[in-house]
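If you're matching positions, the sequence shown starts at 2 in my numbering and goes up one per residue.
All residues carry an ideal CB built from backbone N, CA and C; glycine is no exception.
Since the structure is predicted, the reported quantities are computational estimates derived from the model, not experimental observations.
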Amino acid sequence: MTSFVVSLHAAERWCERVNPSLTPVQAIGVIEQHARIIEAAIQFGCTYVKINRKTRLVLQGAVVVTVYGFEQRPRSTRWDVPE
2 MTSFVVSLHA
12 AERWCERVNP
22 SLTPVQAIGV
32 IEQHARIIEA
42 AIQFGCTYVK
52 INRKTRLVLQ
62 GAVVVTVYGF
72 EQRPRSTRWD
82 VPE
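Below, the structure written as structure tokens:
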């Protein structure tokens, strides 16, 4: 059991932007596999979590609200630092 919630919107964005072969229910399961880092980010008050070189989860409190792939990253963040 995780201490956070994955919104349906985030699951749909995962399917759209990261892995189109998954259903939203499967996407929630994949996101929840990263529970350890998501929960740590929530404890630190982070607003996003970088889970790999190309995928970021956006947090509002203890809710994963959306997902960005590398190409969809918002311009208002500092993700432009070379990896």
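Name, in chain order, the residues that DSSP records as bridge partners for residue i.
{"i": "K55", "result": "Note: K55 sits in no beta bridge, so no partner."}
{"i": "L60", "result": "V65"}
Quick check on the burial criterion: 16 or more other C-beta atoms within 10 angstroms. Buried or exposed for residue i?
{"i": "V26", "result": "exposed"}
{"i": "L60", "result": "buried"}
{"i": "V7", "result": "buried"}
Taking the C-alpha atoms as reference points, what is the distance between residue i and residue j?
{"i": "E13", "j": "A28", "result": "8 angstroms"}
{"i": "L9", "j": "F45", "result": "24 angstroms"}
{"i": "S4", "j": "Y49", "result": "16 angstroms"}
{"i": "C47", "j": "A36", "result": "14 angstroms"}
Short of 7 angstroms in beta carbon distance, which residues of its chain neighbour residue i, apart from the five on each side in sequence? Order them along the chain.
{"i": "T56", "result": "V19, V68, G70"}
DSSP state of residue i, grouped into three classes?
{"i": "V31", "result": "helix"}
{"i": "V19", "result": "coil"}
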